[in-house]
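Below is one structure; the comments refer to it alone.
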DNA sequence: TTTAATAGTTTCCTAAAGGAAATTAGTATC
DNA sequence: GATACTAATTTCCTTTAGGAAACTATTAAA
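Residue numbers (the working numbering), protein chains in the order written: chain U, 1 to 119; chain L, 1001 to 1119.
Laid out in structure tokens, this is it:
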């Protein structure tokens, strides 16, 4: 019988696991990446514009997700003093840094579908 | 009053949204990326080895997630005919293509933590 | 004055994710 | 014969995610 001693994980490794957790908690769920991707394409958009483009999202969900993304400094929310009030959402500089990651996610997903289906 | 006509999303855009969905469904959850990341570092590993390294995972969860990853051709499961049975898990070639993506996720997460905390 | 658009919030419900603890079954050591 | 290690599976439970529908409040057009 072999007793396997466990080396404790290195600090670097623990940091990396935490980084994965941070990123995935932010991006997990059905809508968040779609919201960010839509804003990447569309620039500044209003609530109803987002709601229409993200076909099928419930207003509660959109509202909640936007709040969470704002808390994390990925988007800004600006209330315009127009006649019927309008609210504009756009990505922050920090939010735009998700561009590369989203491209990777898309590329991997496209390739994965090929891999799974045709073999 | 302006009526905003909606152009239907382009085929390319629909494909991209589907690719995001595919990738995120596969990687979402508390443990899957950690399992893949661990196998990327550790090469071939046994069930109990994984369980010890992924500090805190319930055996049921590990078992379920491994099955799901195997179904998606990201890992292989090999039963060894040893005295107490051993089972080895390792990444497929396809599974290893997640390397880049995971690096991006880690890098973004590290940077995000700086961005949020110190400002 | 009814209708519609603005941007949400509230309530209620279902489904999925995930954890804890016990169990299984084969083999091997004490 | 009791204990322990292998790799799970089973049962039960709580938490979280997310959807549907109704509602609020303001403004403006028909």
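Glycine residues also receive a C-beta, built at the ideal position from the N, C-alpha and C atoms.
Under a three-way DSSP split, which group does residue 90 of chain U fall into? strand
Which residue from L:1035, L:1045, L:1014, L:1057 puts its Cα closest to that of residue 34 of chain U? L:1014
Just to check my reading of the structure: residue 1087 of chain L and residue 1096 of chain L have Cβ atoms closer than 8 Å, yes? What is that Cβ distance to the nearest angstrom? Contact doesn't hold; Cβ gap of about 20 Å is too wide.
Just list the residues that DSSP pairs residue 1078 of chain L with in beta bridges. L:1088
Residue 1073 of chain L versus chain U: which residues are under 7 Å apart at the beta carbon? 115, 116
With a Cβ-Cβ cutoff of 9 Å, do residue 1054 of chain L and residue 1102 of chain L count as a contact? no
May I ask you to list the residues that DSSP assigns as paired with residue 1046 of chain L? L:1088
Could you list which residues in chain U have their beta carbon closer than 8 Å to that of residue 1023 of chain L, in chain order? 105, 106, 108, 109, 112
So, are the CB atoms of residue 37 of chain U and residue 65 of chain U less than 9 Å apart? no
Just to confirm before moving on: does the CB-CB distance between residue 1075 of chain L and residue 1091 of chain L stay below 9 Å? yes
Would residue 64 of chain U pass as an interface residue toward chain L - the criterion being a Cβ-Cβ separation below 9 Å? no
Would you mind sorting residue 99 of chain U into buried or exposed? The rule is 16 or more other CB atoms within 10 Å of its CB. With fewer than 16 other Cβ atoms from the protein chains shown falling within 10 Å of its own Cβ, residue 99 of chain U counts as exposed.
Which value, in whole angstroms, describes the spacing of the CA atoms of residue 1042 of chain L and residue 1089 of chain L? Distance between the alpha carbons of residue 1042 of chain L and residue 1089 of chain L: 10 Å.
Hey, out of U:115, U:108, U:63, whose CA is closest to residue 1017 of chain L's CA? The option with the nearest alpha carbon to residue 1017 of chain L is U:108.
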